[in-house]
Amino acid sequence: MSESCYHCGDDVIGKGYSLGDKKFCCNGCKSVYQLLHENGLNSFYAMEEQAGVKPKSSDVHRYDFLDLPAIRERYIDFEDENSVHVKLFLPAIHCSSCIYLLENIHKIEPRILSCQTNFTERTATIAFKKSFPFPELALLLDRIGYPPNFEEKKEVNKSIDKTFLYQMGVAGFAFGSIMLWSFPEYLGIDEAPAGFRSLTAYLSFFVSIPVLLYSARDYYMSAFKAIRYKQINIDVPITLGILALYAQSCYHIFSGLGPGYMDSFAGFIFFLLIGKWFQRKTYRSLSFDRDYASYFPVAVLRIKNEEEEIVEIEKIEEGDHLMIRNDEIVPCDVILVSDTAQIDYSFVTGESVPVTIKKGQLVYAGGRLIGAKTRFQAKSKSERSRLANLWNKSSNVSEERSISQKKWDKLSAYFLVGVIIVASIAAISWAFIDTNRIVSTVVSVLIVACPCALALSRPFTYGNTMRKMGRSGLYLQNTEVIEDINEVTDIVFDKTGTLTKGSQEKVTFEGEMLTDQEWGSVLILSNSSTHVLSRTIARWIKNKNLSIDSNVEVENYNESVGQGIEGQVSDQHIKIGSAKFMGLDAQDGTFISINGEVRGKFMFASELRDGLESMMADLTSNYTVHVLSGDSEKDAQMMQEAFPSLENCLFKQSPEDKFAYTQQLQEQGKHVMMIGDGLNDSGALAKADVGIAISEDVFQFSPNSNGILEANKLHKLTSILVTSNFAKTVLRICLAFSIFYNIVGLGFAITGNLTPLVAAVLMPISSISIVIISTVFIHFRK
339 MSESCYHCGD DVIGKGYSLG DKKFCCNGCK SVYQLLHENG LNSFYAMEEQ
389 AGVKPKSSDV HRYDFLDLPA IRERYIDFED ENSVHVKLFL PAIHCSSCIY
439 LLENIHKIEP RILSCQTNFT ERTATIAFKK SFPFPELALL LDRIGYPPNF
489 EEKKEVNKSI DKTFLYQMGV AGFAFGSIML WSFPEYLGID EAPAGFRSLT
539 AYLSFFVSIP VLLYSARDYY MSAFKAIRYK QINIDVPITL GILALYAQSC
589 YHIFSGLGPG YMDSFAGFIF FLLIGKWFQR KTYRSLSFDR DYASYFPVAV
639 LRIKNEEEEI VEIEKIEEGD HLMIRNDEIV PCDVILVSDT AQIDYSFVTG
689 ESVPVTIKKG QLVYAGGRLI GAKTRFQAKS KSERSRLANL WNKSSNVSEE
739 RSISQKKWDK LSAYFLVGVI IVASIAAISW AFIDTNRIVS TVVSVLIVAC
789 PCALALSRPF TYGNTMRKMG RSGLYLQNTE VIEDINEVTD IVFDKTGTLT
839 KGSQEKVTFE GEMLTDQEWG SVLILSNSST HVLSRTIARW IKNKNLSIDS
889 NVEVENYNES VGQGIEGQVS DQHIKIGSAK FMGLDAQDGT FISINGEVRG
939 KFMFASELRD GLESMMADLT SNYTVHVLSG DSEKDAQMMQ EAFPSLENCL
989 FKQSPEDKFA YTQQLQEQGK HVMMIGDGLN DSGALAKADV GIAISEDVFQ
1039 FSPNSNGILE ANKLHKLTSI LVTSNFAKTV LRICLAFSIF YNIVGLGFAI
1089 TGNLTPLVAA VLMPISSISI VIISTVFIHF RK
């Protein structure tokens, strides 16, 4: 038997290449091994499944086209004077060791800052120093066996699907042919000539060879790699079953005992591949990433005929003029139309130092505007998925390989060890009963027992739950948040703009009346802020139908969180904010100051959102509810009348106070959910175990939050929390089904009442059943 390449697992033809006691099929595999060994990445070969990928020989100038500006900008998500961020499609990603190698690639090349992979999409988001040329990055990836593919990803997926269909076709052809030749055996016809039987037996053997070497190759190569690196995966028992069934059939044929079980062998492989194909189709149809993005509630102000309109970000077209306000996220790559702007790229790079942008310069999607309302021109179409991916990337939790999921994966590994032990016991038992049935029984045991249901229960149950919540108006950062929601004991609400309507209906101005020009200046300044009261003031002034020059820009804009805003509009210094912001004694209202003179104040009559009374009554029966407000106690009576069961209601709370209050609850052992706006409450949202930002008409979201809830869906919060807790019940049901299936299946297999062919059909059905159970239960839950 030929030796296998230590890196990629292919057969070593001839002498091959050697390094110590390691054998390699080509110099490329040997070079990659040396590269990994020299950089302390030997753990790459200790990961489960097939690890290495054979590198292709690369011309050093192969990727020089990436230096062409028109092509380069197509793949760059972000670039500044220090770093470049790109997202590349790497079709060779196929297992956990691929992820390990790519996410540790900075140890090979120090100029690479970070690499984050998406296993399901087979993409890598790579940040590297600007001194590291883009073509060299592509060459390095090529050198270690992961050449970037710059073609349309759909076309590459088609070629991969074709290979799989060819494997399935070969197995199906062999299965049909062998069955046809075996009809005399099936019908019990003894008159068939001995020579004919011998001929069909040998024909079956030759037809089965492509099935073993081509159709089933992925199974035993994966199992071989796992065993060599002292790991175990689901392909190990499957491979043992394949080899046992094939070996017994060969023994029967060449010893003249009969035609063997080549029909069962070919059918076994054929149905395994059909099951895998159907699983792939099912998982693709339930592509959670695509669905999450479609619910991502982000919109932006677009200028059309010099009028502002709110549009969803996917409706932005190249060339559209957009108005971005202070603290809002830039939804797509844009060109600055205004003179200057300050952009915070911490959402993209993690660096919070603002960057000064000049007129005509490019601003990348994900940047956050700091300062007055600024005009931009869209350079490309916007995609919800791009911002959603950025938001998820900013989380410290990796959904793909979470601690909880690793526990489930570990449980699956123990399960496989148990299956092999049970198969061994079955073999010993049948050795005393009927030796002719040992192989059939052992193969059935190895195949019918399937840990897939265990491994799939959690991601599909929580994935369906997350999608259902999206339809209800709550968009979660990732499925980890669902587990955090189920641990919540205390819910903390902000009052203004959360429990009360953002669009205040009753607004009065107390003070001397302003001129049209002064009202215009106040409007221009208030339009630069996304705070609920600033937007309310702007709407109130617009209803006066004044003639205002909207082209005037705010200079020296400043926003003090929780206090007020100020800036220079034409020749006037305008301030809008609390009494404290104006340097006055404590008073209710939002004051207006022009050139240092307080001219009056706005008073707001708070109005609660619809449906909150019943929501709060339900919440207080299951959680400890707290309400924090930055306002004075003028609304205390309204809150008490509306929510008689509410005990914890505090007023005059600054953003710092809200943060401290949340921290204090956590120190008492509470699990806190904070619900507020993404601006004043950003600190508390980030501190809470679960932070939910309320999304009003501007659809602003805070990167510090774990979820975004549409304001008009707040009354559905109780139902959303019930859905989250129900997901835990569904998870238990899926687990119980998996245990029941395996106990019953193993019972039939051990007693010899299950053939390998039927076992091959049942195995994928078990995992598909988990998908159906989780989908149906979550979908039809009211």
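The sequence shown finishes on residue 1120 if you use our numbering, and the numbering steps up by one all the way, no holes.
Heads up, the beta-carbon is just placed ideally off N, CA and C, and yes, glycines get one too.
Is DSSP giving Asn933 helix, strand or coil here? Of the three classes helix, strand and coil, the one that applies to Asn933 here is coil, per DSSP.
Taking 7 angstroms as the threshold (C-beta atoms), are Ile1032 and Leu1047 in contact? yes
Taking just the CA atoms, how far does Glu904 sit from Glu645? For the pair Glu645 and Glu904, the Cα-to-Cα distance works out to about 24 angstroms.
For my contact list, Leu674 and Gln699 are in at a C-beta cut-off of 8 angstroms; report their separation, rounded to the angstrom. 5 angstroms
Rounding to the nearest angstrom, what Cα-Cα distance links Trp615 and Leu1059 in this structure? 36 angstroms
Please go through the same chain and pick out, in chain order, the residues whose beta-carbon is closer than 6 angstroms to the beta-carbon of Thr779, but skip the five residues on each side of it. Excluding its 5 nearest sequence neighbours in each direction, Thr779 has C-beta neighbours in its own chain below 6 angstroms: Ala764, Trp768 and Gly1090, listed in chain order.
With H, G and I counted as helix, E and B as strand and the rest as coil, what does DSSP make of Arg873? helix
Looking at the unbroken alpha helix (DSSP H) that takes in His590, where does it start and where does it end? Asp573 to Phe592
Residue closest to Ile443, alpha-carbon to alpha-carbon, out of Arg481, Asp418 and Glu417: Arg481
Counting along the chain, where does the beta strand (DSSP E) carrying Gly849 start and finish? Lys844 to Gly849
Is the stretch 820-833 in contact with the stretch 954-968, if contact means three or more CB pairs nearer than 8 angstroms? yes
Quick check: the Cα distance between Met330 and Leu611, rounded to an integer number of angstroms? Nothing about residue 330 can be read from this structure; the chain reaches only from 339 to 1120.
Along the chain, where does the alpha helix (DSSP H) that runs through Asp822 open and close? First-last of the alpha helix (DSSP H) with Asp822: Glu818 to Ile823.
Cβ-heavy atom distance, Ile681 to the ligand GTP, below 6 angstroms: Among the ligands in the structure shown, none appear at all, so the ligand GTP cannot be discussed.
The beta strand (DSSP E) with Asp682 in it runs from where to where? Thr678 to Asp682
Distance, Gly1045 Cα to Asp627 Cα: In this prediction, Asp627 scores a pLDDT of 48, lower than 50, which makes its location untrustworthy; no coordinate-derived value is stated.
Considering Gln855, what are the terminal residues of the alpha helix (DSSP H) in which it resides? Asp854 to Ser864
For the alpha helix (DSSP H) that contains Asp1019, what are its first and last residues? Looking at the DSSP string, Asp1019 is not in any alpha helix (DSSP H), and its letter there is neither H nor E.
Just grab the DSSP bridge partners of Gln454 for me. Thr463
Stretch-stretch touch, CB-based, cutoff 8 angstroms, three pairs: the stretch 447-466 with the stretch 404-413: no
Using the beta-carbon count (16 or more within 10 Å), is Gln978 buried or exposed? exposed
Helix, strand or coil for Ala974? Go by DSSP, reduced to three states. In this structure, DSSP gives Ala974 a helical state, which the three-state scheme calls helix.
I'd like to check one pair, Val1010 with Ala1026: are the Cβ atoms closer than 7 angstroms? At the C-beta level, Ala1026 and Val1010 come within 7 angstroms of one another.
What's the call for Met953, buried or exposed, on a 16-neighbour Cβ count within 10 Å? It is buried - the Cβ of Met953 has at least 16 other Cβ atoms within 10 Å.
Are the CB atoms of Ile607 and Gly598 nearer to each other than 7 angstroms? no
Where do the N-terminal and C-terminal ends of the alpha helix (DSSP H) with Gln1001 fall, by residue? Pro993 to Glu1005
Looking at Ala465 and Ser421, is the spacing between their C-beta atoms short of 7 angstroms? yes
I'd like the list of long-range same chain contacts for Ile776, defined as Cβ closer than 7 angstroms, with 5 residues on each side in sequence excluded. Within the same chain, and ignoring the five residues on either side of Ile776 in sequence, the residues whose Cβ sits closer than 7 angstroms to its Cβ are Ala765, Trp768 and Ala769.
Go ahead and label Leu1069 buried or exposed: buried means 16 or more other beta carbons lie within 10 angstroms of its beta carbon, across all protein chains shown. buried
Spatial neighbours of Gly1021 within its chain, please: CB distance less than 8 angstroms, with the 5 preceding and 5 following residues excluded, ordered by chain position. Pro993, Glu994, Lys996, Phe997 and Asn1042
Simplified DSSP assignment, three categories, for Ala509: helix
Check whether the Cβ atoms of Gly902 and Ile914 lie closer than 7 angstroms to each other. Result yes, Cβ atoms of Gly902 and Ile914 sit closer than 7 angstroms.
Suppose you measure from the CA of Ala304 to the CA of Lys696; what does that come to, to the nearest Å? Past the edges of the chain, shown from 339 to 1120, lies residue 304, and the structure says nothing about it.
Nearest-angstrom Cβ-Cβ length linking Val1109 and Phe798, presumed shorter than 8 angstroms: 5 angstroms
Any idea which residues DSSP pairs Met661 with across the strands? In the DSSP output, where bridge partners are listed per residue, Met661 has Leu639 and Arg713.
Proximity winner among Met920, Asn664 and Ser684, relative to Asn894 (alpha-carbon distances): Asn664
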